[in-house]
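What follows is a set of notes on a single structure, which appears directly below.
Numbering (my numbering), first residue to last: 4 to 188.
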């Protein structure tokens, strides 16, 4: 005995498959930046006068994990909730970026410890912290026997402007752990 499905059931199944595919595709671009999201973006960083400090346009995207403190707090806060393709201009005050200029971050060192080619105000040298990581320091003032070095971050005290475009968002990967009973079974 041959059984056939009524045409109306086939039509309903076809419509269900078609609409479920539309909804599945619509959800792909709906991911928003939230804590734990892996985010890739393009940006141009400018100072208060509009001078470009750095940009990654037409270069490798910047990637970070939202909520992990991997980028400056003021920018991270403003990116929350954005979607792929979204663009935004974000102004970040010093207190939400690299902080104000710290007067305690100036240190005098013997002039003999500074290379001769760096003995000019504004010259930048690379110092190393106890962990061996390099960071920039600038010559602030040159005295007869000492040099005053500025250990502040180069962008401390500056209001920054970021033009950003969100290129990709990946949801936080959830780690699954296998539960084993005593004895490993």
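Cβ atoms here follow ideal geometry from the backbone N, Cα and C, with glycine treated the same way. Since we're looking at a predicted model, the values are computed, not measured.
query: Which residues mark the beginning and the end of the alpha helix (DSSP H) in which residue 76 is found?; result: 76 to 82
query: Quick one: grab the DSSP three-state call for residue 107.; result: helix
query: Decide yes or no for the touch test of the segment 36 to 47 against the segment 164 to 176: beta carbon pairs closer than 8 Å, at least 3 of them.; result: yes
query: What is the residue span of the beta strand (DSSP E) that residue 166 lies within?; result: 163 to 173
query: Determine the closest residue to residue 50 out of 85, 66, 172, 160, with distance taken between C-alpha atoms.; result: 160
query: Any idea if residue 79 is buried or exposed, counting beta-carbon neighbours within 10 angstroms, 16 or more meaning buried?; result: buried
query: So, with DSSP's three-state summary, where would you put residue 92?; result: strand
query: What span of residues does the beta strand (DSSP E) with residue 65 cover, start to end?; result: 65 to 68
query: Per the contact definition of three or more C-beta pairs closer than 8 Å, is the segment 151 to 158 in contact with the segment 91 to 106?; result: yes
query: Leaving out five residues on either side along the sequence, give the residues of the same chain with a beta carbon under 6 Å from the beta carbon of residue 124.; result: 142
query: For residue 74, collect the residues of the same chain with a Cβ closer than 7 Å to its Cβ; drop the 5 residues on either side in sequence, then sort them by chain order.; result: 67
query: Are three or more beta carbon pairs between the segment 32 to 42 and the segment 83 to 90 nearer than 8 Å?; result: yes
query: Under the rule that 16 or more other beta-carbon atoms within 10 Å means buried, what is residue 164, buried or exposed?; result: buried
query: For a test of the three-state rule: what should DSSP assign to residue 120, helix, strand or coil?; result: helix
query: What beta strand (DSSP E) runs, 3 residues minimum, are completely inside the segment 118 to 153?; result: 127 to 131, 137 to 145, 149 to 153
query: Residue 150: buried (16+ other C-beta within 10 angstroms of its C-beta) or exposed?; result: buried
query: For residue 122, I'd like the list of residues in its chain whose CB is within less than 8 Å of its CB, leaving aside the five on either flank, ordered along the chain.; result: 114, 142, 145, 150
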